[in-house]
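Encoded as structure tokens, the structure appears first; notes follow it.
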Amino acid sequence: MSSKASAKTTDSRIADNKKALFNYAIEERFEAGMVLQGWEVKALRDGKVQLTDGYVVIREGELFLIGCQINPLKTASTHVSPDSVRTKKLLLHKDQIRRLIGKVEQKGHTLVPLNLHWKNGKVKCEVALAKGKAEHDKRDTIKEREGKREVERAMKQRSR
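Position one of the sequence shown corresponds to residue -2 (my numbering), numbered consecutively onward.
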């Protein structure tokens, strides 16, 4: 029964923003609900979403996801005019939003979407409070990644 639960959690991912993990140092993570239209939910089920250029802004005490592209299905209804780059509202508790406003006003902090996933039949967006990495930090990340690959190759060669 536990294998079913773990399989369900891996299938619940819709899209990841790998670029955000490379460009930003993540400090805190929040799970936010999303206000979507029907055609967007259908397109998400089909995996037609791009999250890499997305970012989160705060306007009048509310969070909005901008730049997340959800491509409409070809079978979209004729009476709906889908806009693939529509600004989507994110839903968080008011005290969390107030806290985020205070943090974002500090120099260097920003809000980035990390992933979209399903939770209890609803689409959730994982938003991170992040600080931009400097160029040398990005180089360090690349060196670490390459070092891990070399170690894995050596281990693979040794096991043969």
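Where a beta carbon is used, it is the ideal one built from N, C-alpha and C, also for glycine.
**Message:** Which residues does DSSP list as the beta-bridge partners of Asp13?
**Reply:** Asn112
**Request:** Please go through the same chain and pick out, in chain order, the residues whose beta-carbon is closer than 7 Å to the beta-carbon of Ile98, but skip the five residues on each side of it.
**Result:** Ile55
**Message:** Rounded to whole angstroms, what is the Cα-Cα separation between Val82 and Glu37?
**Reply:** 11 Å
**Item:** Three-state secondary structure assigned by DSSP to Leu70
**Value:** coil
**Message:** Let me check one thing: in DSSP terms, what residues is Ala127 bridge-paired to?
**Reply:** Ile23, Thr107
**Request:** Have a look at Pro110, Arg157, Gln154, Val120 and flag the residue whose alpha-carbon is nearest the alpha-carbon of Tyr21.
**Result:** Pro110
**Message:** Quick check: the Cα distance between Asp13 and Cys122, rounded to an integer number of angstroms?
**Reply:** 10 Å
**Prompt:** Whose CA, out of Lys86, Asp137, Lys119, lies closest to the CA of Ile63?
**Reply:** Lys86
**Request:** Drop a sphere of 10 angstroms on the beta-carbon of Met31, count the other beta-carbons inside from all chains shown, and report buried for 16 or more, exposed for fewer.
**Result:** buried
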